[in-house]
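The structure appears right after this line, and notes come after that.
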Amino acid sequence: MLRVCDLEAGYGHVRVLKGVSIEVAAGEAVTLIGANGAGKSTLLKVLAGLLPAWDGCVELEGKNITGMRAHKRVREGLVLVPEGRMLFASMSVEDNLRLGAYSRGGKEAASEFGQDRATVYELFPVLGRRATQTAATLSGGEQQMLAIGRALMARPRLLLLDEPSLGLAPKVVTEIFSALQELRRRGLTILLVEQDARVALRHADRGYVVRTGEVALAGTAAELMDNDDVRLIYLGAWHGRD
Amino acid sequence: MGVDAEVTGSELLQFIIAGLKNGSIYALVALGFTIVYASTKAINFAQGEFYMFGGMFAVFFLSGLGMPLALAALVSVITVTAVGLGFDRVAIRPRRDAGPLTLIIITIGGSMVFQSFARHAFGPDERPLPVFTAGPSIDFFGAAIERQTLWIWALTAVAVVALTILYTRTKLGRAMRACMENREAARLMGIDTNRVVTISFGLAAGLGALGGLVVTPLTQTAFNVGPSMGVKGFAAAILGGLGNPLAAVAGGITLGLLESLSIGFLSSTYKDVIALAVLLAVLVLRPEGLFSRASREKM
Ligand SMILES: Nc1ncnc2c1ncn2[C@@H]1O[C@H](COP(=O)(O)OP(=O)(O)OP(=O)(O)O)[C@@H](O)[C@H]1O
Ligand SMILES: [Mg+2]
Chain A
3 MLRVCDLEAG YGHVRVLKGV SIEVAAGEAV TLIGANGAGK STLLKVLAGL LPAWDGCVEL
63 EGKNITGMRA HKRVREGLVL VPEGRMLFAS MSVEDNLRLG AYSRGGKEAA SEFGQDRATV
123 YELFPVLGRR ATQTAATLSG GEQQMLAIGR ALMARPRLLL LDEPSLGLAP KVVTEIFSAL
183 QELRRRGLTI LLVEQDARVA LRHADRGYVV RTGEVALAGT AAELMDNDDV RLIYLGAWHG
243 RD
Chain B
9 MGVDAEVTGS ELLQFIIAGL KNGSIYALVA LGFTIVYAST KAINFAQGEF YMFGGMFAVF
69 FLSGLGMPLA LAALVSVITV TAVGLGFDRV AIRPRRDAGP LTLIIITIGG SMVFQSFARH
129 AFGPDERPLP VFTAGPSIDF FGAAIERQTL WIWALTAVAV VALTILYTRT KLGRAMRACM
189 ENREAARLMG IDTNRVVTIS FGLAAGLGAL GGLVVTPLTQ TAFNVGPSMG VKGFAAAILG
249 GLGNPLAAVA GGITLGLLES LSIGFLSSTY KDVIALAVLL AVLVLRPEGL FSRASREKM
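Quick mapping for you: the protein sequence lines, in order, are chains A and B.
The working numbering puts the first sequence at residues 3 to 244.
The working numbering puts the second sequence at residues 9 to 307.
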């Protein structure tokens, strides 16, 4: 589904990604874990086309999309739920969803919109009850649900998520991840960036550990969970050892 | 400020009519500023030149090419819209990511190029247009309303309604509002933000041109009328708060009334200072404008 080879990118003259190679197969849920500033968000921004790649390749289902502009990638089925959610704060829940469906043209678009919206409201019932409220008035958890729901409106084939659990209470995180679990069951391919490695590995098939712009470690979720380095640094097992 | 004994009721009404007339023109120019600002976060200092072009091209199509007035007006708006679209493609888009300051400098350059083009193509003289409908002024409770003023109001109203429909009822309008609020998020929705910026310049140019050509029968026009109208329109846009296009209309009307009433109650000497005074006062006291929400929730 997604193949990234030797990707380099950064900001200004500062190189943040120093040759990252990852792969995500269709139907898989893959997670990127790593410390603050490792370059996880930068990688997702390059994949979504918000930031140009300096070198390397990005292929989506065999098609080279390295230089493709962001709005076209959405039509190719690659959709990002960005860090910080980036909702349209002054617009209603419903208008946010409508914008999520922006890339879906054609004759059937209108009836598909109703159908897709119903799917989102089924996944996150609270959004249905807040349909006419502006996004700014939603709670943090509801905002994250809206950000995911809005991305789903584009009917993604590959969903990129940047820290969906950030700043949310454990109960809300559970709710959001069980929704992601449900999406996986329906066949959606997911690339998930998470600070909370425990949560991330529990919900993924495979994972990559990103350290200062490079892939330091790769493996199945179980392997990574058992890896001493991972346990030590990312799963908080250092308590009492240090 | 109470009504001075020297100003009668019908005189006051006359000042208000004049204020609403000028205010409508300011509103059209201010709309151009806000529409471009919304998609680029830059001030387009060539906006006054679109206003100038509106009148000058209409004169050219009418007198130079012999088109009937209505056609000349229509073709002028279309031509200037095309100039706006082309301006973005040629001058703005290549440097779009360079930041607002660079864009602003480009628009100042554009303004100079447009002015010297107009001077060479159409000459240095003042040029008139005939009124759209001939006939005596209409008496309104002792005050006189010129027929052209009715045209100004009607066309401004049509433009504002059309724009409201665009923003609230169409997919393109929704995309424009999305860009206004968060350009990066708009791109993630699959919106081609470059296209939105181009369309913004076209719309801004068309609205400026409409203002310029509909007021020319009353004021005449010349190659150098752009910058001073640019200042008025910019002041009106700032008064409205720059964020919301329709607040620019309120800003324009308010500025027109302020100017007109200051002539009535103070002296005409102050008329042109008003816009600058308003501009400074708003920038210092209420940078978010009078007609926009006090603070936008950032997420
Ligand atoms: N807009 C920017 N301009 C300049 N440097 C940036 C920008 N965004 C991020 N960086 C830098 O790039 C590096 C990687 O940042 P990035 O946001 O990708 O990290 P991250 O792994 O997502 O971290 P976090 O877990 O804190 O979200 C950091 O050193 C950061 O300072
Ligand atoms: Mg990040």
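In this text, a Cβ means the ideal position worked out from N, Cα and C, and glycines have one as well.
Those residues which DSSP pairs with residue i across a bridge
{"i": "Cys59(A)", "result": "Cys7(A)"}
{"i": "Asn98(A)", "result": "Paired residues: none, contrary to the question."}
{"i": "Leu19(A)", "result": "Ala11(A)"}
{"i": "Tyr45(B)", "result": "In the DSSP output, where bridge partners are listed per residue, Tyr45(B) has none listed."}
{"i": "Gly221(A)", "result": "Gly209(A)"}
{"i": "Ile146(B)", "result": "Ile153(B)"}
{"i": "Lys109(A)", "result": "BP columns for Lys109(A) are empty, so no partner."}
{"i": "Val195(A)", "result": "Leu34(A), Asp164(A)"}
{"i": "Lys173(A)", "result": "DSSP lists no partner for Lys173(A)."}
{"i": "Val26(A)", "result": "Leu4(A)"}
Residue i versus residue j: straight-line alpha-carbon distance, rounded
{"i": "Gly150(B)", "j": "Arg152(A)", "result": "58 Å"}
{"i": "Val15(B)", "j": "Leu266(B)", "result": "16 Å"}
{"i": "Gly169(A)", "j": "Val175(A)", "result": "9 Å"}
{"i": "Ala126(B)", "j": "Glu61(A)", "result": "50 Å"}
{"i": "Ala171(A)", "j": "Asp198(A)", "result": "13 Å"}
{"i": "Glu148(A)", "j": "Gln117(A)", "result": "The sequence shown places Leu at residue 148(A), rather than the Glu named in the question. So the alpha carbons of these two residues sit roughly 16 Å apart."}
{"i": "Thr136(A)", "j": "Ala111(A)", "result": "24 Å"}
{"i": "Ile288(B)", "j": "Arg104(B)", "result": "Contrary to the premise, residue 288(B) reads as Leu rather than Ile in this sequence. Computed Cα separation, rounded: 28 Å."}
{"i": "Ser303(B)", "j": "Pro132(B)", "result": "Confidence is the limiting factor: at Ser303(B) the pLDDT is only 41, short of 50, which leaves the residue's position unreliable, though a coordinate-based value still follows. For Ser303(B) and Pro132(B), the distance between alpha carbons rounds to 46 Å."}
{"i": "Ile67(A)", "j": "Pro54(A)", "result": "11 Å"}
{"i": "Pro76(B)", "j": "Leu221(B)", "result": "14 Å"}
{"i": "Gly297(B)", "j": "Phe23(B)", "result": "25 Å"}
{"i": "Tyr123(A)", "j": "Gly51(A)", "result": "29 Å"}
{"i": "Leu163(A)", "j": "Val91(B)", "result": "42 Å"}
{"i": "Gly86(A)", "j": "Gln145(A)", "result": "10 Å"}
{"i": "Arg186(A)", "j": "Gly29(A)", "result": "7 Å"}
{"i": "Val286(B)", "j": "Ala99(B)", "result": "31 Å"}
{"i": "Tyr236(A)", "j": "Ala37(A)", "result": "8 Å"}
{"i": "Phe53(B)", "j": "Leu111(B)", "result": "10 Å"}
{"i": "Arg200(A)", "j": "Met227(A)", "result": "8 Å"}
{"i": "Ile271(B)", "j": "Ile25(B)", "result": "13 Å"}
{"i": "Arg243(A)", "j": "Leu234(A)", "result": "With a pLDDT of 39 at Arg243(A), under the threshold of 50, the modelled position of this residue cannot be trusted; read the value that follows with caution. Arg243(A) and Leu234(A): Cα-Cα distance of roughly 9 Å."}
{"i": "Gly10(B)", "j": "Ser208(B)", "result": "For Gly10(B), the predicted structure reports a pLDDT of 48, less than 50, and the residue's modelled location is therefore unreliable. A value from the coordinates is still provided. Going from the Cα of Gly10(B) to the Cα of Ser208(B) covers about 42 Å."}
{"i": "Ala224(A)", "j": "Gly108(A)", "result": "43 Å"}
{"i": "Ala243(B)", "j": "Val292(B)", "result": "13 Å"}
{"i": "Glu25(A)", "j": "Asp231(A)", "result": "22 Å"}
Pair within 7 Å by beta-carbon distance, residue i and residue j
{"i": "Arg119(A)", "j": "Leu99(A)", "result": "yes"}
{"i": "Leu160(A)", "j": "Leu4(A)", "result": "yes"}
{"i": "Val83(B)", "j": "Phe69(B)", "result": "yes"}
{"i": "Pro253(B)", "j": "Gly56(B)", "result": "no"}
{"i": "Tyr104(A)", "j": "Met197(B)", "result": "yes"}
{"i": "Val85(B)", "j": "Ala167(B)", "result": "no"}
{"i": "Thr224(B)", "j": "Gly74(B)", "result": "no"}
{"i": "Ile199(B)", "j": "Ala186(B)", "result": "yes"}
{"i": "Ser268(B)", "j": "Gly27(B)", "result": "yes"}
{"i": "Thr89(B)", "j": "Phe65(B)", "result": "no"}
{"i": "Arg208(A)", "j": "Val32(A)", "result": "yes"}
{"i": "Tyr45(B)", "j": "Lys240(B)", "result": "no"}
{"i": "His73(A)", "j": "Arg155(B)", "result": "no"}
{"i": "Ile160(B)", "j": "Lys279(B)", "result": "no"}
{"i": "Ala255(B)", "j": "Gly264(B)", "result": "no"}
{"i": "Leu125(A)", "j": "Ala202(A)", "result": "no"}
{"i": "Ala45(A)", "j": "Val22(A)", "result": "The question names Ala, but residue 45(A) in the sequence shown is Leu. Taking 7 Å as the Cβ cut-off, Leu45(A) and Val22(A) qualify as a contacting pair."}
{"i": "Lys179(B)", "j": "Pro108(B)", "result": "no"}
{"i": "Gly12(A)", "j": "Val6(A)", "result": "no"}
{"i": "Ala133(A)", "j": "Val81(A)", "result": "no"}
Contact test: residue i Cβ vs ligand 1 heavy atom, cutoff 6 Å
{"i": "Asn38(A)", "result": "yes"}
{"i": "Tyr236(A)", "result": "no"}
{"i": "Val18(A)", "result": "yes"}
{"i": "Tyr13(A)", "result": "yes"}
Residue i CB to nearest heavy atom of ligand 4 below 6 Å
{"i": "Tyr34(B)", "result": "For the structure depicted, ligand 4 is absent and the ligand set comprises only ligand 1 and ligand 2."}
Where residue i meets chain C, residues with beta-carbon distance less than 9 Å
{"i": "Leu174(B)", "result": "The chain labelled as chain C is not found among the protein chains of the depicted structure, namely A and B."}
Query raised in the report: Whose CB is closer than 7 Å to a heavy atom of ligand 2? List the residues in chain order.
Result: Lys42(A), Ser43(A), Glu85(A), Asp164(A), Glu165(A), Val195(A)
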